[in-house]
Amino acid sequence: MNEVYEFMKQVDVIVLFCLIYGFAINGIVWAVCEFFSFVVKKAKAFITKRKEKKAAQKDDVTE
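As structure tokens, this is what we get:
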């Protein structure tokens with residue numbers, strides 16, 4: 000019975016380690032994805048704004 004108890008303690012430690020490790024990896028991946036999403040959104044907004052500004056300048060020059 001003592002051997003089973005020791006084995007279950009080891010399994011418990013391994014399961015807890017895997018859960019904590021999984022949550023840590025999930026958190027890191029989520030943060031990186033959010034960062035890239037933020038950068039892409041800002042870049043798209045900047046490009047759109049710049050295109051509108053150029054179009055407005057072109058309209059002013061042609062008039």
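For what it's worth, numbering that gives the first Met the number 0 labels the leading residue of the sequence shown as 0, then goes sequentially.
Heads up, the beta-carbon is just placed ideally off N, CA and C, and yes, glycines get one too.
Computed from a prediction, not measured in an experiment: that's the story for all the values here.
Hey, how far is the Cα of residue i from the Cα of residue j?
i      : j      : result
Trp-29 : Ile-19 : 15 Å
Gln-9  : Glu-2  : 11 Å
Cys-32 : Met-0  : 48 Å
Gln-56 : Ser-36 : 30 Å
Val-14 : Ala-42 : 42 Å
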